[in-house]
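Undergrad: If you scroll down you'll find the structure; I have some questions about it.
Protein chains: 2
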Amino acid sequence: MTTESKIIEAAKKVFLRKGYSGARMQDIADEVGMNKALLHYYFRNKESLFRMIFLESFKTMTPVMNNMISENSPVVDKIKTFISIYSEMLQNNPYLPLFLINELAQDPERITSALLQNGEGLPDFGLFMDKIHEASERGEINKVDPMSIIINIISLCVYPYVAKPMMTLLFKKDEFEYNAFLSQRKAEITNLILKIIEIQ
Amino acid sequence: MTTESKIIEAAKKVFLRKGYSGARMQDIADEVGMNKALLHYYFRNKESLFRMIFLESFKTMTPVMNNMISENSPVVDKIKTFISIYSEMLQNNPYLPLFLINELAQDPERITSALLQNGEGLPDFGLFMDKIHEASERGEINKVDPMSIIINIISLCVYPYVAKPMMTLLFKKDEFEYNAFLSQRKAEITNLILKIIEIQ
DNA sequence: ATAATATTTAACTATTTGGTTAAATCTATT
DNA sequence: AATAGATTTAACCAAATAGTTAAATATTAT
């Protein structure tokens, strides 16, 4: 593992937890177990280090959202798969969504320019939405608005991660209990969504 | 409108958009149209001003979550009412949830201590959950886990607000289109939830 | 072994930001 | 008019933080 990648890992940890304005270069140096001068030896400044972290983080999300693996599988299967790999990604990257949302909300210009500059393609729900639309036209599933159904799925998957500290406070659960709750949601969300879209 | 309340309004605006670490006392002074010295004339320091803002913001949420107006209305009505007033609160306070979630995630200790110090009661879903449980026992609605159903409702209501910048980016919508999407969701979420809980 | 590169050290500068101060000015009340 | 309180001004201090530098040392590749 190179020093550069060690720095990136440490910076990712700190930026994802604290956000840009809350993160300190010294925190990152401490986290990587090296000194601050070295951060500047590898990266110009805080901003350029942040951009790298943001792009890498964003790219974690992209393939999950672009997940249209088997082109011809039924749309219900596509939805099942999507919920499954999306939930897994969240379990492995619990700090990711809040970080991306925050930084994007803080300064949409800066972020979109970073994405474009990098030639980074946005996740594309186009195909997914087309398939949902076609299936509902064919009467294979209920009439649903594709964008709505996708946003419903994402909301149900992501929000319990994003709002974890709030939910443990409101429902008086400890970390362990809440994690158990999160674990069983993959199946629960799938059932819920299928109940909504499947013809009775 | 007193100067003190003008400062509080301005501080709320800035803190809710930028968060504690991103907010600058100068930004608040600019927003209120007065100078920085006056902020310290009315409030000790950034931290005490922040605490006041956080508590006030938190209290905006509490009555909505405690909404159990007509004690004996059917649980389905309770859910309808909850979705309705919760969505309205979000429409009027779009920055609120992300702010509360962030600050709570940043430093749960500090926040809970501020709440307790203030003698502020937490929102309590206890009654709501009891009613849901009883109704499902009576066979009035499907068997559902009360906590799950509440978190589903909250997720569906809140997340599209929290993730607004991300969603407008991913779905290539402008502010206007996305607001239209948000407006029609109150009814949509109600339908979805009722479809899940109501006996067929 | 030599040279190039990586890393540490520690001191330093510049900038941003929170916070203070004192004097002057404005405003409302008596 | 006199007074007290509210507000401005502008300069200032202190702390935190980003960023720099140069020299010393360690590591790696040739």
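In order, the protein sequence lines correspond to chains A and B.
Take the first sequence: its position 144, counted from the start at 1, is 128 in our numbering, and no numbers get skipped.
Take the second sequence: its position 34, counted from the start at 1, is 18 in our numbering, and no numbers get skipped.
Beta carbons are placed, not taken as given, at the ideal position from N, Cα and C, and that holds for glycine.
1. When Cβ atoms are compared, which residues of the stretch 140 to 155 of chain B fall closer than 9 angstroms to chain A?
2. Compute the Euclidean distance between the alpha carbons of ALA7(A) and ASP114(B), then round it to the nearest angstrom.
3. My assumption, with CB atoms under 8 angstroms, is that MET52(A) sits in contact with LEU111(A). Please give the rounded CB distance.
4. Confirm, please, whether the CB-CB distance from VAL128(B) to SER139(B) is below 7 angstroms.
5. Which class does ILE85(A) belong to by DSSP, given the choice of helix, strand or coil?
6. Tell whether a beta-carbon distance below 7 angstroms holds between ASN86(B) and GLY3(B).
7. Is it a yes or a no for the stretch -14 to -2 of chain B touching the stretch 20 to 33 of chain B, going by three-plus beta-carbon pairs under 8 angstroms?
8. Can you have a look at LEU0(A) and say buried or exposed, based on whether 16 or more other CB atoms are within 10 angstroms of its CB?
9. Using a cut-off of 9 angstroms between C-beta atoms, extract the partners of PHE42(A) located in chain B.
10. Is it a yes or a no for the stretch 9 to 17 of chain B touching the stretch 171 to 184 of chain A, going by three-plus beta-carbon pairs under 8 angstroms?
11. Chain A beta carbons: is any one of them nearer than 7 angstroms to that of TYR(-15)(B)?
12. How about LEU153(A) and ASN102(A): are their beta carbons less than 7 angstroms apart?
13. Which of the three DSSP states, helix, strand or coil, is assigned to ILE(-9)(A)?
14. Alpha carbon to alpha carbon, how far is LEU33(B) from ARG94(B)?
15. Residue ranges of each alpha helix (DSSP H) run of no fewer than 4 residues wholly in the stretch -9 to 55 of chain A, ordered along the chain?
16. If you pair each beta-carbon of the stretch 64 to 78 of chain B with each one of the stretch 135 to 150 of chain B, do three or more pairs fall below 8 angstroms?
17. Would you tell me roughly how many angstroms separate the C-alpha atoms of TYR162(A) and ARG122(A), rounded to the nearest one?
18. Once the 5 residues before and after LEU88(A) are set aside, which same chain residues still bring their CB inside 8 angstroms of it?
19. Is it buried or exposed for ALA171(B), if we count other Cβ within 10 angstroms and need 16 for buried?
20. Looking at THR174(B) and the ligand NAD, is the gap between the Cβ and the nearest heavy atom below 6 angstroms?
21. Name the chain B residues whose beta carbon is nearer than 9 angstroms to that of PRO78(A)?
22. Measure from the alpha carbon of ASP91(B) to the alpha carbon of each residue in PHE42(A), MET49(A), MET150(A) and LEU100(A), then state which is nearest.
23. Using DSSP bridges, identify the partner residues of ILE125(B).
24. Assign ALA147(A) to buried or exposed, taking buried as 16 or more other Cβ atoms, counted over all protein chains shown, within 10 Å of its Cβ.
25. For GLU118(A), which of GLN168(A), PRO130(A) and ARG35(A) has the nearest alpha-carbon?
26. Could one say the Cβ of PRO130(A) lies closer than 7 angstroms to chain B's Cβ atoms, at least one of them?
27. Which residues in the same chain have their Cβ closer than 8 angstroms to the Cβ of TYR79(B), if we skip the five residues on either side of it in sequence?
28. Whole angstroms is fine: what's the gap from LEU99(A)'s alpha carbon to PHE83(A)'s?
29. Would PRO(-11)(B) count as contacting chain A if we go by Cβ distances under 7 angstroms?
30. Which residues of chain A have a Cβ atom closer than 9 angstroms to the Cβ of PHE66(B), listed in chain order?
31. Specify the secondary structure class of GLN75(B) as computed by DSSP and reduced to three states.
32. Among the candidates ASP11(A), VAL(-2)(A) and ASN19(A), whose CA atom is the shortest distance from the CA of THR(-13)(A)?
TA: Taking the coordinates as given:
1. LEU140, CYS141, VAL142, TYR143, PRO144, VAL146, ALA147, LYS148, PRO149, MET150, MET151, THR152, LEU153, LEU154 and PHE155
2. Taking the first residue of the first sequence as position 1, residue 7(A) is located at position 23. Taking the first residue of the second sequence as position 1, residue 114(B) is located at position 130. Cα-Cα distance, rounded: 42 angstroms.
3. Position 68 of the first sequence, counted from the start, is the residue given in the question as residue 52(A). Position 127 of the first sequence, counted from the start, is the residue given in the question as residue 111(A). Sure, about 5 angstroms apart at Cβ, within 8 angstroms.
4. To locate residue 139(B), count along the second sequence from 1; it is residue 155. To locate residue 128(B), count along the second sequence from 1; it is residue 144. No, they are not a contact pair.
5. For the purposes of this step, residue 85(A) is taken as residue 101 along the first sequence, with counting starting at 1. Helix at ILE85(A).
6. The residue labelled residue 86(B) in the question sits at position 102 within the second sequence. The residue labelled residue 3(B) in the question sits at position 19 within the second sequence. Cβ distance < 7 angstroms, so ASN86(B) and GLY3(B) count as in contact.
7. yes
8. Taking the first residue of the first sequence as position 1, residue 0(A) is located at position 16. Its Cβ being crowded by 16 or more others within 10 Å, LEU0(A) is buried.
9. The count along the first sequence starts at 1 and reaches residue 42(A) at position 58. Those within 9 angstroms of PHE42(A) in chain B number zero; the least Cβ separation is about 10 angstroms.
10. no
11. Start at 1 with the first residue of the second sequence, and residue -15(B) comes out as number 1. According to the sequence as given, residue -15(B) is Met; it is not Tyr. No - not a single Cβ of chain A is within 7 angstroms of the one on MET(-15)(B).
12. Here residue 153(A) is taken as the residue at index 169 of the first sequence, counted from 1. Here residue 102(A) is taken as the residue at index 118 of the first sequence, counted from 1. For LEU153(A) and ASN102(A), no; Cβs fall outside 7 angstroms.
13. As a working mapping, residue -9(A) is identified with position 7 in the first sequence. Here ILE(-9)(A) sits in helix by DSSP.
14. The residue given as residue 33(B) occupies position 49 in the second sequence. The residue given as residue 94(B) occupies position 110 in the second sequence. Spanning the two alpha carbons is a distance of roughly 14 angstroms.
15. 9 to 16, 20 to 26 and 30 to 49
16. yes
17. Start at 1 with the first residue of the first sequence, and residue 162(A) comes out as number 178. Start at 1 with the first residue of the first sequence, and residue 122(A) comes out as number 138. Going from the Cα of TYR162(A) to the Cα of ARG122(A) covers about 40 angstroms.
18. If you number the first sequence from 1, residue 88(A) lands on position 104. Around LEU88(A): ILE95.
19. The residue you call residue 171(B) lines up with position 187 of the second sequence. Result: exposed.
20. Ligands displayed in this structure: none; no statement on the ligand NAD is therefore possible.
21. If you number the first sequence from 1, residue 78(A) lands on position 94. Ordered by position in chain B, no residue passes the 9 angstroms Cβ test against PRO78(A), which lies about 10 angstroms from the chain.
22. Along the second sequence, one-based indexing puts residue 91(B) at 107. Considering only alpha carbons, the answer is MET150(A).
23. Counted from its first residue, the second sequence places residue 125(B) at position 141. Answer is GLU182(B), bridged to ILE125(B).
24. Translated into the one-based positions of the first sequence, residue 147(A) becomes position 163. Buried, because 16 or more other Cβ atoms sit within 10 Å of the Cβ of ALA147(A).
25. If you number the first sequence from 1, residue 118(A) lands on position 134. Taking only the C-alpha atoms, the option nearest GLU118(A) is PRO130(A).
26. Along the first sequence, one-based indexing puts residue 130(A) at 146. False, the Cβ-Cβ gap to chain B never drops below 7 angstroms.
27. On the second sequence, residue 79(B) is found 95 positions in, with the first residue counted as 1. Closer than 8 angstroms at Cβ, skipping near neighbours: LEU0 and ARG1.
28. In the first sequence, counting from the first residue as 1, residue 99(A) sits at position 115. In the first sequence, counting from the first residue as 1, residue 83(A) sits at position 99. Approximately 15 angstroms, taken between the alpha carbons.
29. Within the second sequence, numbered from 1, the residue matching residue -11(B) stands at position 5. In the sequence under discussion, the amino acid at residue -11(B) is Ser, which differs from the Pro named in the question. False, the Cβ-Cβ gap to chain A never drops below 7 angstroms.
30. Translated into positions along the second sequence, residue 66(B) becomes position 82. Near PHE66(B) there are no residues of chain A at all, since even the closest Cβ is about 14 angstroms away, more than 9 angstroms.
31. Residue 75(B) sits at position 91 when you count from the first residue of the second sequence. Helix.
32. Counting from 1 along the first sequence, the entry for residue -13(A) is found at position 3. That would be ASN19(A), whose Cα lies nearest to the Cα of THR(-13)(A).
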